[in-house]
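One structure is given below, encoded as structure tokens.
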Amino acid sequence: MSSRDLILGRVRRALATAGEADTPYEQAVSRDYLREHGERTAEETVDLLAENLTEYRAVVHRTNAEELPNVIMRLLALRGPRYVLVPPGLPAQWMSAADPTRVHDRAVSTPHDLDKVESVVTGCAVAIAETGTIVLDGSPDQGRRRITLVPDHHICVVRVPAQVVSSVPQAMERLAPTRPLTWISGPSATSDIELDRVEGVHGPRTLEVVLLSEE
Amino acid sequence: MSGTFIGMPAFPEAAREAVGNRTLRRNLRHATHTIRAKRAKAVAEVSDWAALREAGRQIKDHTLRHLDRYLVQLEESVTAAGGTVHWAADAVEANRIVAELVKATGESEVVKVKSMATQEIGLNEALEAEGIRAYETDLAELIVQLGKDRPSHILVPAIHRNRGEIRDIFRSEMGAWGRPAPEGLTDTPAELAEAARLHLREKFLRARVGISGANFMVAETGTLVVVESEGNGRMCLTLPETLISVVGIEKLVPTWRDLEVFLQTLPRSSTAERMNPYTSMWTGTTDAETADGPRTFHLVLLDNGRTDTLADQVGRQALRCIRCSACLNVCPVYERAGGHAYGSVYPGPIGAILSPQLRGTQSEIDASLPYASSLCGACYEVCPVAIDIPEVLVHLRERVVQGGPVTRAGNKVVLKPAKGHAAERAAMRAARWAFGHPGALRTGQRIASRSRRFHPRTLPGPGRAWSASRDLPPVPAEPFRDWWQRTHVTGRGAGAGSAGDQASGHDQGDGK
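Those protein sequence lines, which keep their order, are chains A and V.
Residue numbering for the first sequence follows my numbering, starting at 76 and increasing by one per position.
Residue numbering for the second sequence follows my numbering, starting at 192 and increasing by one per position.
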């Protein structure tokens, strides 16, 4: 007998004596929990996102479409990287004022190549205000997961209020499970030393979130 | 090296030794009290916590009730998404599958994401025996691995180490495993984290094979979820060409939407955060054009005692566990005894009900674990999937003492009553006989009352363990029934106080 059949057989025997009613999935779970916590205007939701991102040590900036290239240029200039990674579908205009040499994802073929790039600029799929989370789904303006992982400095542009939701349940509705997803809440951190949070381990140690107002 | 718990002494002996270690107690007290207050605050922030907890319980119960169906569905979804599914009935089989998969890649080293399942099966040791070196990349696991230590906490395996000890381990051991610790390393947490970053980065960048567990698997989509903080998980899940995930069969949820419950309750319960820094979700492999992450993905579904646990209608609720470790952090016993005393990778209250079910109660340590609790119930209160740990503890105590039918490796067997409880059983038998013979009981009680002056303060023989930490209750000068006879029955109506009036309607059997 294969282990598959063995395990499934054990499961069925274990459940044979269960005797409970065979409640269908839809009725088995009472979803009495909230779709979002509290009522907020779109503007207040964006404020909450900024607040929660900041509390977990992300650096938040606010700008509009016109100023965005200058903001990105300034943020990069402050760190002075020679190279900056850009995903294939990043709007060209975002980087129009930036000085460092742009490197495309495909050009860095190995992790070692990637390790030589200091900064990366991406968009995002959705941002969650209540938890201070940005979610990347590998769309063309975000690129492969590795490019937002190895560089030490990540600039993520969030279109507000369009890309901002209040809660985790609302975010789940917008995301496609077939895409590789990365949920990011602040820079990399650890609680492994005396259960106290310290920022900065393996992922980017500096996370800058630019809230791009589209009004 | 971590993972071997064979031949562990029973909990009381191991705990006695641990309680005598003052550094350990100070480290544990500091860490558990820090996280306790933070968790309470994080949970209080969400007004619908009770509803989330109940939904989490229901999702897990429903999944377990139809586990066969959802496992088959998961297998189909993962396969359709480009992954390969393997089934492992026990630790030996899981280790063999993983070792063969690694060998097939031609590699002799792997990077690992922290995973309870691979700890449970002793994967690192098994790989080492096959000439494959497994590098732990979670900071706490790294501390444990470098210190040739054993994990003592589900979330923070090195919780028993303070910063000074961690610095010493890094200084003396990192060099043997790769990049040595920086010169002049101090014990500030930020510097320690930086040392780990530098030490591990070269391993991440050259790794060809990653090994992980998973916090959740979604049956309908074939999606796996890893919840982490440091980014070592992301490194292991995205940079290598081959990814092997070893996951217990109970980690399943039916639908994508179900994750919205656990992604709210898990971070708040474990690290007391609104959300942990990084959560990775992947579904099989991506196509050559996207080329995001490993090109080859293997999922090893692990039983290793889980189906046996499922067969126990009271005990199966332990399979709801999402490994948050909130129950460890609030437990007064864990706080004092530490994780090692539990003799398992699953310490604390959840370990006390999980280990004896996954491994059976034959060994000394497993038979003692259901007693490693004061039954205060704090663990149940904080559990985000409402596992009634005290209920299962009592159920398992009964099994240990009385024996009875259980399922081991898929077979129904009848356990014999545990030997160690012979004296207790004899006492219970004697009590049963005495209560069935009122005359003998009366005589016995009178003798006990009259000889009370000579009663010892502690019990002799096997009873010594009981009276070592408790006073024997004093025997009254007069047995209750004699007192009742004297004050109520013979002088009916005359000497009865108000207490007697209240009781007289209920108790009529004795005085006749």
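From the three backbone atoms N, C-alpha and C, an ideal C-beta is built for every residue, glycine too.
Using a CB distance cut-off of 8 angstroms, Gly164 of chain A does not count as an interface residue toward chain V.
Within the same chain, Cβ atoms closer than 6 angstroms to the Cβ of Glu464 of chain V are found at Pro458, the five residues on either side in sequence being excluded. In this structure, V:Pro664 is the residue among V:Pro664, V:Gln636, V:Ser642 and V:Arg641 with its C-alpha nearest to the C-alpha of Arg648 of chain V. Nearest Cα to Gly551 of chain V within the set V:Pro596, V:Arg216 and V:Gly401: V:Pro596. At a Cβ-Cβ threshold of 8 angstroms, Leu286 of chain A and Val146 of chain A do not count as neighbours.
Cβ proximity to chain A below 8 angstroms picks out Thr462, Glu464, Arg465, Met466, Asn467, Pro468, Tyr469, Thr470, Ser471, Met472, Trp473, Thr474, Thr477, Thr481, Ala482 and Asp483 from the segment 462-483 of chain V. Interface criterion met: the Cβ of Asn127 of chain A is under 8 angstroms from a Cβ in chain V. In the structure shown, Lys339 of chain V falls within a coil segment according to DSSP collapsed to helix, strand and coil. Using a Cβ distance threshold of 8 angstroms, His351 of chain V and Leu215 of chain V count as a contacting pair. The beta-carbon of Gln336 of chain V is placed no less than 8 angstroms from the nearest beta-carbon of chain A. Among the bridge pairs identified by DSSP, Gly401 of chain V is matched with V:Val302 and V:Leu434. Look at Asp190 of chain A here: in three-state DSSP terms it is helix.
When the Cα atoms are used, Thr309 of chain V and Ser420 of chain V turn out to be separated by approximately 19 angstroms. Secondary structure note for Arg272 of chain A: its beta strand (DSSP E) is the uninterrupted segment Asp271 to Glu274.
Between Thr197 of chain A and Gln168 of chain A a beta carbon distance of about 15 angstroms is seen, past the 8 angstroms cut, so the two are scored as non-contacting. In this structure, the straight-line span from the alpha carbon of Arg623 of chain V to that of Ala614 of chain V is close to 14 angstroms. The beta carbon of Ser242 of chain A is closer than 7 angstroms to those of Arg110, Glu111, His112, Ile203 and Glu205 in its chain, skipping five residues each way along the sequence.
Against chain A, a Cβ distance below 7 angstroms from Val438 of chain V picks out nothing, because the smallest value is about 13 angstroms. Taking 8 angstroms as the threshold, the shortest C-beta distance from Phe361 of chain V to chain A does not fall below it. Around the C-beta of Met76 of chain A, fewer than 16 other C-beta atoms lie within 10 Å, and the residue is accordingly described as exposed. Taking C-beta separations shorter than 6 angstroms and ignoring five residues to either side along the sequence, Tyr562 of chain V has no partners in its chain. Around the beta-carbon of Ser238 of chain V, fewer than 16 other beta-carbon atoms lie within 10 Å, marking it exposed. In the DSSP annotation of this structure, the continuous segment of the beta strand (DSSP E) that includes Arg324 of chain V starts and ends at Arg324 to Glu327. Each residue's CA atom was taken as its position, placing Arg115 of chain A and Leu123 of chain A some 9 angstroms apart. Secondary structure of Ala173 of chain A (DSSP, three-state): coil. Leaving aside the five residues that flank Glu441 of chain V on each side, the residues in its chain whose CB is nearer than 6 angstroms to its CB run, in chain order, Arg497 and Leu510. Residue-level contact by beta carbon fails for Ile323 of chain V and chain A, as no gap is shorter than 8 angstroms. When secondary structure is reduced to three states using DSSP, Lys603 of chain V falls in the strand class.
Per DSSP, the beta bridge partners of Met472 of chain V are A:Leu256 and V:Val416. For Arg392 of chain V and His277 of chain A, the gap between their C-alpha atoms comes out near 8 angstroms. The beta carbon of Met426 of chain V sits closer than 8 angstroms to some beta carbon of chain A. Within the segment 105-186 of chain A, the complete beta strand (DSSP E) segments of 3 residues or longer fall at 134-139, 158-161 and 176-179, listed in chain order. Look at the segment 623-657 of chain V and you find these whole runs of alpha helix (DSSP H), each 4 residues long or longer: 629-641. Annotation for Ala279 of chain V: the continuous beta strand (DSSP E) segment containing it runs Thr275 to Ala279. If you ignore the 5 residues before and after Leu492 of chain V, its C-beta comes within less than 6 angstroms of the C-beta of Trp278 and Ile440, all in its own chain and listed in chain order.
Residue pairing for Val592 of chain V: DSSP places it in no beta bridge.
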